[in-house]
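Below you'll find the structure, written out as structure tokens, and then a few comments.
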Ligand code: BG6
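In the numbering used here, the protein residues as written are 70 to 555.
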């Protein structure tokens, strides 16, 4: 693996959940794999003055146990020598001056400012960085999702950040784009001749995209109750996956070419009328239930969630991409917390054969199906019918299985690691451009408005199930069912 250029990376929210769960572990893995330049420094920022020793103690407690078998005392010691801690209150100008001094701002040096904070702080932080000169062309600013709460607030943040940084310095992260299988979807589609001729309305019956989590809202009740599944997951991760499925083959993989194609998909999504919202969206919220045999509380009983909350923890909807390739093909999207299983997958259901000379297996909705699994284990399965051995000409559904873990022995970077390395290397292709994000907000906003206007309360579903029954109803009206692994 080639190493990055020399760099400084600064984590705003360095003591927060994201930094401790994802960012620091990802950099540790990159360091262990030899992907980081020797001259690469990591600055964690926090409001409380815990000092470098205090920060290292925090990492020992919170990060080391997460590293499991990858933890190595010597490697950790080398990694820790990159780490610095700096006290910073986002609103205090003096703290930025101190940061600039600690960094020793140099226009040649790649400097990444990762804003792992609440979005309402993005504007202030960027303005203050500009005041102290941490916005020269080699500075890259990473903005965590959700960027704002709606189109207006997202536009306001983008406009304010845009006054301090050029668009090519802004990395809007959607970690789903860094997942190995999502990268592989590009490879499957555009590296092979096999699928492209079939990748259209004539041969595809429907597309299903699921991100189901077993987790509830954990410690994020306050944030989540203001946000909900539509803003937290659908507006970003699910729409980005939809773009990867539906986009036209890009002429190259250069950043703006890929992002232009994704934008075209977002622009082609048919807008929801109020009638569509009522007929084609399902809003759910978990009640108490059990996950893996363990009882779990209802959403409304979670810490820092309003006891009468109407925030959705589940959303399913039927979308359509209105262009020549996809007209009439339903795209079913769903995501939920406290679902039966942790699974993220993209399912392409091909059409039935025009005339069958064989008796079809009972309950089979589609003989040919491509299933791209993102989680829990990456794989690609191509389902088809084959004859069961024996005298009778009876067919059975079976699949070709590309299990990445069996097929490829080399270690691969997880989503955050890959994306952090991309930022340091200055690769923007896997990050959202401002116009993509605005377009995604414009598409989901009528749904939120309609839910609010008609006071559509979420349908309750039992924790540990697959969501409200209405989610299956949505598909059965189109004569399909959600894919289940066989
Ligand atoms: C985040 C959401 O973007 O993605 C979380 O804010 C969610 O609510 C998480 O749990 C899921 O990511 P992953 O990679 O664990 O599926």
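The C-beta atom is built at its ideal place from N, Cα and C for all residues, glycine as well. Keep in mind that this is a model prediction, so the values were computed, not measured.
*Can the beta-carbon of residue 464 be found less than 7 Å from the beta-carbon of residue 419?*
no
*Using only the heavy atoms of the ligand BG6, determine whether one of them is closer than 6 Å to the beta carbon of residue 301.*
yes
_N-terminal and C-terminal residue of the alpha helix (DSSP H) that residue 469 is part of_ = From DSSP, residue 469 is part of no alpha helix (DSSP H) but of the beta strand (DSSP E) over 464 to 472.
*Check whether the Cβ atoms of residue 447 and residue 477 lie closer than 7 Å to each other.*
no
_Of the listed residues 521, 81 and 403, nearest to residue 164 (C-alpha basis)_ = 81
*Using DSSP with H/G/I as helix, E/B as strand and the rest coil, what is residue 363?*
strand
*Just curious, the beta strand (DSSP E) that residue 84 is in, first and last residue?*
Neither: residue 84 is in no beta strand (DSSP E) and is coded neither H nor E.
*Any heavy atom of the ligand ADP within a distance shorter than 6 Å of the CB on residue 371?*
Questions concerning the ligand ADP fall outside what the structure shown contains, since the ligands it does hold are the ligand BG6.
*residue 281 bridges to which residues according to DSSP?*
405 and 412
*Within its chain, find whatever has a CB closer than 6 Å to the CB of residue 227; leave out the 5 residues flanking it on each side and keep chain order.*
503
_Please classify residue 524 as buried or exposed, where buried requires at least 16 other C-beta atoms within 10 Å of its C-beta._
exposed
_Check whether residue 275 and residue 549 have beta carbons under 7 Å apart_ = yes
_Between the alpha carbons of residue 279 and residue 299, how many angstroms are there, rounded?_
13 Å
*Using the beta-carbon count (16 or more within 10 Å), is residue 462 buried or exposed?*
exposed
*Give me the Cα-Cα distance between residue 557 and residue 213, rounded to the nearest whole angstrom.*
Absent from the structure is residue 557, since the part of the chain shown begins at 70 and ends at 555.
*Do the region 232 to 243 and the region 261 to 277 touch if we need at least three Cβ pairs shorter than 8 Å?*
no
*Between the C-alpha atoms of residue 198 and residue 491, what's the straight-line distance to the nearest angstrom?*
22 Å
*N-terminal and C-terminal residue of the beta strand (DSSP E) that residue 448 is part of*: 448 to 456
*With 16 other CB atoms within 10 Å as the buried threshold, where does residue 445 fall?*
exposed
*Could you check which residue in 321, 324 and 333 has the C-alpha nearest to that of residue 575?*
The structure shown does not extend to residue 575, since the chain spans only 70 to 555, so no value can be given for it.
*Taking all protein chains shown into account, do 16 or more other C-beta atoms lie within 10 angstroms of the C-beta of residue 431, making it buried, or fewer, making it exposed?*
exposed
_Simplified DSSP state of residue 141, which is helix, strand or coil_ = coil
*Per-residue burial, residue 363 [other beta carbons within 10 Å of its own, 16 or more giving buried]*: exposed
*For residue 385, which three-state DSSP category applies?*
strand
*Tell me residue 48's beta-bridge partners as DSSP assigns them.*
Nothing in the structure corresponds to residue 48, since the chain is present only between 70 and 555.
*For the alpha helix (DSSP H) that residue 332 lies in, which residues bound it at each end?*
324 to 337
*Please classify residue 296: does DSSP put it in a helix, a strand, or coil?*
helix
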